[in-house]
Amino acid sequence: MFFIWKKLRMELGEIRCFQHCDRKQNILCFIVPIICPLCGQDLTQSRLRIPPYIIESPFTEADITQCSLVIKPTIGHFLYDFSNNSNLHIGLTDSSGNVYEFDERGVTVGDKTWTHCLSIKILDEHEQLENKWDHSLEQFANEKLWKKECYDENSQNCFDFVLHFLQCFELDRQYSCLVDKSVFCEKMILPATRRAGKYITLYKQIEESQVVIQNAGQ
Ligand SMILES: [Zn+2]
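In the working numbering, the protein residues as written are -5 to 212.
Below you can see the structure in the form of structure tokens.
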């Protein structure tokens, strides 16, 4: 047991969940405490109902995504700077994880700052389709519409870039939310940022109080 504790201490920053004495209460933490916050028993000396497992983070590196939509705050880091009012920046990855994004600079490809983003996989793995995606994305990014002179904060921004591409790739049959920008945001982007928001809230609560108790099933 001591070995497990030692190992867990080395992997900071990931949210862990376990149960000790109450099957209705999950205990969430970065580091499993020595003493159970519910019953006060020494956890190194007693059996856990559910041993610690990691709550999967919603964040990923764009590098390891393929043919996906990627999302990050326009400024800063999801964990430290994101709130419901934050502006979001979105882009698309090709099959090798290079990000195509559109902003006041025009189209940028392969920026390396997408290390902590949300991703939504758009295409199922299918080599032929992925090749077509890569080729289309490259061509699309070179269109005049996406020169930096055409950028407009409201009417011609990163959302238009992504949405137009997905429409051009005829994915609107598969994704009915591609009809317009507001439906696209509401049905595709918001559910992902809401999930992220929940994780961030929990993360901050644990940072503040080390341990958070939640009803199991919550
Ligand atoms: Zn306990």
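Ideal Cβ placement from N, Cα and C applies to all residues, glycine included. Please read all numbers here as calculations on a predicted model, not as lab measurements.
Can you give me the start and stop residues for the alpha helix (DSSP H) that residue i sits inside?
i: His129; result: 121 to 135
i: Asp154; result: 152 to 162
i: Val177; result: 175 to 178
i: Leu73; result: 72 to 75
Once you ignore the five residues that flank residue i on each side, which residues in its own chain have a CB closer than 6 Å to its CB?
i: Cys144; result: Gln150
i: Phe96; result: Trp140, Cys152, Phe155
i: Asp128; result: Asp88, Ser89
i: Phe(-3); result: Because the pLDDT of Phe(-3) is 45, which lies under 50, any placement of that residue in the model is unreliable, and the number read from its coordinates should be weighed accordingly. So the list is empty, once near-sequence residues are dropped.
i: Ser80; result: Pro67
Ends of the beta strand (DSSP E) at residue i?
i: Asn200; result: The question names Asn, but residue 200 is Ile in the sequence shown. Not the beta strand (DSSP E): Ile200 falls in the alpha helix (DSSP H), residues 184 to 203.
i: Pro46; result: 44 to 48
For residue i, which residues from the same chain have a beta carbon less than 8 Å from its beta carbon, with the 5 sequence-adjacent residues on both sides left out?
i: His14; result: Ile21, Cys30, Leu32, Cys33, Gln35, Leu37, Ser40, Leu42, Arg43
i: Thr59; result: Thr87, Gly91, Ser113, Lys115
i: Ile207; result: Gln19, Asn20, Ile21, Leu22, Pro31, Leu32
i: Trp108; result: Glu55, Ala56, Asp57, Val64, Lys66, Gly85, Val93
i: Asn209; result: Lys18, Gln19, Asn20
Tell me, which residues are paired with residue i by DSSP?
i: Gln208; result: Asn20
i: Ser170; result: According to DSSP, which records beta bridges pairwise, Ser170 is partnered with nothing at all.
i: Cys111; result: Thr54
i: Gly85; result: Val64, Glu95
i: Arg10; result: Cys23, Ile48
i: Thr102; result: Glu95
i: Asp36; result: Ile29
i: Asp146; result: Gln150
Suppose contacts are defined by Cβ-Cβ distances below 7 Å. Is residue i in contact with residue j by that definition?
i: Ala56; j: Tyr94; result: no
i: Leu63; j: Ile116; result: yes
i: Phe163; j: Ser113; result: no
i: Arg189; j: Pro27; result: no
i: Lys239; j: His83; result: An answer regarding residue 239 cannot be provided, because it is not within the stretch -5 to 212 covered by the chain.
i: Leu157; j: Lys175; result: yes
Should residue i be counted as a contact of ligand 1 given a C-beta to heavy atom distance under 6 Å?
i: Leu32; result: yes
i: Cys162; result: no
i: Gln208; result: no
i: Cys23; result: no
i: Gln35; result: yes
i: Cys15; result: yes
What residues in its chain sit with their C-beta under 7 Å from that of residue i, if we drop five residues either side in the sequence?
i: Met(-5); result: Here the model assigns Met(-5) a pLDDT of 44, short of 50, so the residue's position is not dependable, and the following value carries that caveat. Hits under 7 Å: Thr38.
i: Glu5; result: Low per-residue confidence applies at Glu5: pLDDT is 43, beneath 50, and the placement is therefore not dependable, though the value from the model is reported in the following sentence. Same-chain partners within the cutoff: there are none.
i: Tyr197; result: Ile9, Leu73
i: Glu50; result: none
i: Thr54; result: Cys111, Ser113
i: Lys181; result: Cys171
i: His193; result: Just to set this straight, residue 193 is Tyr in the shown sequence, not His. Around Tyr193: Ser51, Pro52.
i: Lys0; result: Only weak support is given to the placement of Lys0: the predicted model assigns it a pLDDT of 41, under 50, and the value that follows is read from those uncertain coordinates. Same-chain partners within the cutoff: there are none.
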